[in-house]
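Undergrad: Here it is, the structure, as structure tokens.
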Amino acid sequence: MVLTNTTCIKTRPFGVEAESMPTFAHICAICGAPARCLHYDVMSCIGCKSFFRRTIVLGKVYECIDRKKARCEINYENVRFCQFCRFEKCIRMGMKAELIQPNGKEEAEQLAVYSRKRTQSASWEDDDLPLIKIDAKKLIFHQNIYERLIENLCYLESKVVELRTSTLDPMDQAYLDLPDLLARHCQLADSHKYSRPTNWPLEFELPVPKHSKPIGKNWLLLDLMLTIDFCKCMPTFCELSFNDQIALCKRVLLTSARLTGAYYSYVEKSSTMYFPDGCMPLRFFSHETTKVEKEIFCASIEPIRRNAFTKEEYLFLKAIVLLNADCPLLSDEGQRTLEKGRKMYANAFLRYLQAKHGTLRGAGKFADALALIRSLYDDDEKHKGMHIMFEAKVTAMFGAPRPIALIDTIMIN
641 MVLTNTTCIK TRPFGVEAES MPTFAHICAI CGAPARCLHY DVMSCIGCKS
691 FFRRTIVLGK VYECIDRKKA RCEINYENVR FCQFCRFEKC IRMGMKAELI
741 QPNGKEEAEQ LAVYSRKRTQ SASWEDDDLP LIKIDAKKLI FHQNIYERLI
791 ENLCYLESKV VELRTSTLDP MDQAYLDLPD LLARHCQLAD SHKYSRPTNW
841 PLEFELPVPK HSKPIGKNWL LLDLMLTIDF CKCMPTFCEL SFNDQIALCK
891 RVLLTSARLT GAYYSYVEKS STMYFPDGCM PLRFFSHETT KVEKEIFCAS
941 IEPIRRNAFT KEEYLFLKAI VLLNADCPLL SDEGQRTLEK GRKMYANAFL
991 RYLQAKHGTL RGAGKFADAL ALIRSLYDDD EKHKGMHIMF EAKVTAMFGA
1041 PRPIALIDTI MIN
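Under our numbering, think of the first position of the sequence shown as 641, with each following residue one higher.
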């Protein structure tokens, strides 16, 4: 049975073993006991869920065991909880009384009374409510964290878009390999130095005739490079050792670059991969397009279109994709760091969706997002195989391309 105030996490949505799935910490945020569900918007055990509900609907009032301290330890291993501090922690961790489903008229009336009194912030200390001496700032602490996360992601992405739609030519740096790009100055800080092209969209003769001169950018290279710079601005990524950064990038750069291409193609209302200069790779060789090419250049756009993901939702997806601890060459410390960071973004994403769409619909959209991530990961190897065949077509059409160190590292090595 599914309740509107409870979201249970029972699947392994990323297609990895349970011990490596970092999406949720399965412990109660209140007392530390084992937990499998979100109750009233917080991962919590049945005991703390029932305690929070009982306190609200019965209008209970508590006093702190240690009045001077008013911050007693709440641990499920303790024989006795301080009820005052337990309830305060429920509020502090984000439990929402408005998600309680009343059983009968009396409980509904009590919830209404509680809701009215909560809005009277100036008289909290005089009310006969359990919300005694709680700093209003604490009530929005988690909301502020999630708002800052998405604000930071949006700012970084704005710099990515500026460079992605600028005159920056990635082939000028084709000799730089992954370690070089990680060690160098972050290009996002230089986005203001480039102008916007005045001749976009370019005119392409489709399908491209043989022996014609190649035009347009190498979009795979540019998106891989910009993804590296995006990573370098994420606090969790910066905590990794240099070797762990290299290992992670080899695992996630292609996935993230494909997600970026798919999202902005969706924004342009294209059913196939479409780049800012008007380039549509699938149509270059439309007279001999393979099934795999159609899957790679089209399939990832459809779930984005179907779910109508917004920019903010796309950015949460991007952060979760990038902080993937399922990399065999990562150190144990690196895996723990990534699991912690990914859990933070995943929980923030779920809260964001549920606040926007409601508890059940938000959880459903979250599950759809995780399914998209899984499909992107699964298609990486298929994309690498297609890349080799696609490069052969390009060679036959334009001649042997210049060696590109980063693409060789990500797609071939």
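We treat Cβ as the ideally placed atom computed from N, Cα and C, and that holds for glycine.
Does the beta-carbon of Ala669 have 16 or more other beta-carbons within 10 angstroms, so that it is buried, or is it exposed?
TA: By the neighbour-count rule (16 or more Cβ atoms within 10 Å), Ala669 is buried.
Undergrad: Rounded to whole angstroms, what's the CA-CA distance from Leu751 to Phe989? Just pull it up for me.
TA: In a straight line, the C-alpha of Leu751 is about 28 angstroms away from that of Phe989.
Undergrad: Pull the bridge partners of Ile667 from the DSSP assignment, please.
TA: Per DSSP, Pro674.
Undergrad: Between the alpha carbons of Leu796 and Val753, how many angstroms are there, rounded?
TA: Taking the straight line from one Cα to the other gives about 44 angstroms.
Undergrad: Output needed for Pro943: all residues of its chain with C-beta closer than 8 angstroms, excluding positions within five of it in sequence on either side, in chain order.
TA: Result list for Pro943: Asp1008, Ala1011, Leu1012, Ser1015, in chain order.
Undergrad: Taking the runs of the alpha helix (DSSP H) that are 4 residues or longer, which of them lie wholly in the segment 901 to 958?
TA: Whole alpha helix (DSSP H) segments, 4+ residues: 921 to 924, 931 to 938, 941 to 947.
Undergrad: Check the C-beta distance from Val961 over to Val892 and give it rounded, since I have them as a contact under 8 angstroms.
TA: At roughly 6 angstroms, the Cβ-Cβ gap stays under 8 angstroms, so Val961 and Val892 are in contact.
Undergrad: Taking all protein chains shown into account, decide if Arg743 is buried (16 or more other Cβ within 10 angstroms of its Cβ) or exposed.
TA: Residue 743 is actually Asn in this sequence, not Arg. It is exposed - the Cβ of Asn743 has fewer than 16 other Cβ atoms within 10 Å.
Undergrad: Once you ignore the five residues that flank Ser806 on each side, which residues in its own chain have a CB closer than 8 angstroms to its CB?
TA: The answer, listed in chain order, is Ser831, Tyr834, Ser835, Arg836, Pro837.
Undergrad: Using alpha carbons as the reference points, say which of Cys889, Ile790, Asn792 lies closest to Leu866.
TA: Nearest option by C-alpha distance: Cys889.
Undergrad: Which residues bound the beta strand (DSSP E) around Val682?
TA: Looking at the DSSP string, the run of the beta strand (DSSP E) that includes Val682 is 682 to 684.
Undergrad: Which residues in the same chain have their Cβ closer than 6 angstroms to the Cβ of Met1051, if we skip the five residues on either side of it in sequence?
TA: So the list reads Lys1024, His1027, once near-sequence residues are dropped.
Undergrad: Once you ignore the five residues that flank Glu908 on each side, which residues in its own chain have a CB closer than 8 angstroms to its CB?
TA: Correct list, in chain order: Tyr914.
Undergrad: At a threshold of 8 angstroms, does Cys685 count as lining the ligand ATP (C-beta to nearest heavy atom)?
TA: The ligand ATP is not part of this structure, which contains no ligands at all.
Undergrad: Near Cys967, which residues of its chain fall below 7 angstroms by C-beta distance, leaving aside the five closest residues on each side in sequence?
TA: Excluding sequence neighbours, Cys967 sits near Ala887, Leu888, Arg891.
Undergrad: Mapping the DSSP letters down to three states, classify His1023 as helix, strand or coil.
TA: Looking at His1023 - three-state DSSP - the assignment turns out to be helix.
Undergrad: Could you have a look at His825 and say whether DSSP puts it in helix, strand or coil?
TA: Coil.
Undergrad: Quick check on DSSP: helix, strand or coil for Gln760?
TA: Because the pLDDT at Gln760 is just 49, under 50, the model does not fix this residue reliably, and the value given afterwards should be weighed accordingly. If DSSP states are grouped into helix, strand and coil, Gln760 belongs with coil.
Undergrad: Are three or more beta carbon pairs between the segment 859 to 878 and the segment 798 to 813 nearer than 8 angstroms?
TA: Output reads yes: the segment 798 to 813 touches the segment 859 to 878.
Undergrad: Cα-Cα, which of Leu955, Gly672, Pro1043 is closest to Glu791?
TA: Among Leu955, Gly672, Pro1043, the Cα nearest to that of Glu791 belongs to Leu955.
Undergrad: Buried or exposed: Asp775, going by 16 or more other Cβ atoms within 10 Å of its Cβ?
TA: The pLDDT assigned to Asp775 is 41, lower than 50, so where the model puts this residue is not dependable, and the model offers no usable value.
Undergrad: Using a Cβ-Cβ cutoff of less than 7 angstroms, which residues in the same chain neighbour Gln975 once the five nearest sequence positions on both sides are dropped?
TA: Correct list, in chain order: Ala965.
Undergrad: Determine whether the beta carbon atoms of Asn715 and Gly672 lie at a separation below 9 angstroms.
TA: Yes.
Undergrad: Near Asp706, which residues of its chain fall below 8 angstroms by C-beta distance, leaving aside the five closest residues on each side in sequence?
TA: The answer, listed in chain order, is Cys712, Cys722.
Undergrad: With 16 other CB atoms within 10 Å as the buried threshold, where does Asp768 fall?
TA: Any reading at Asp768 is ruled out, since the residue's pLDDT is 41, under 50, leaving its predicted position unreliable.
Undergrad: Rounding to the nearest angstrom, what Cα-Cα distance links Asp1019 and Arg720 in this structure?
TA: The alpha-carbon atoms of Asp1019 and Arg720 are separated by roughly 52 angstroms.
Undergrad: Would you mind stating whether Leu816 and Arg804 have Cβ atoms separated by less than 9 angstroms?
TA: No, Cβ-Cβ distance for Leu816 and Arg804 is not below 9 angstroms.
Undergrad: What do you get for Asp972, buried or exposed, if any count of 16 or more other CB atoms within 10 angstroms of its CB means buried?
TA: The residue in question, Asp972, is exposed, as its Cβ has fewer than 16 Cβ neighbours within 10 Å.
Undergrad: Using 10 angstroms around the beta-carbon of Asn839, count the other beta-carbons present and answer buried if the total reaches 16, otherwise exposed.
TA: Classification of Asn839: exposed, given that the 10 Å Cβ count is below 16.
Undergrad: Taking the alpha-carbon positions, what's the Arg693 to Ala1045 distance?
TA: For Arg693 and Ala1045, the distance between alpha carbons rounds to 59 angstroms.
Undergrad: Can you tell me which of the three DSSP states Phe691 falls into?
TA: It is helical.
Undergrad: Here's the rule I'm using: 16 or more other beta-carbon atoms within 10 Å means buried, otherwise exposed. How should Glu933 be labelled?
TA: When all chains shown are included, Glu933 counts as buried.
Undergrad: Could you compute how far the alpha carbon of Gln885 sits from the alpha carbon of Arg726?
TA: Approximately 40 angstroms between the Cα atoms of the pair.
Undergrad: What are the boundary residues of the alpha helix (DSSP H) that Pro875 is part of?
TA: Counting along the chain, the alpha helix (DSSP H) containing Pro875 begins and ends at 875 to 878.
Undergrad: Identify which residue in Asn947, Phe844, Leu963, Gly981 has its Cα closest to the Cα of Phe1006.
TA: Looking at the Cα atoms, Asn947 is the closest of the given residues.
Undergrad: Whole angstroms are fine: how far does the CA of Glu746 sit from the CA of Leu957?
TA: If I take the Cα positions, the gap works out to 42 angstroms.
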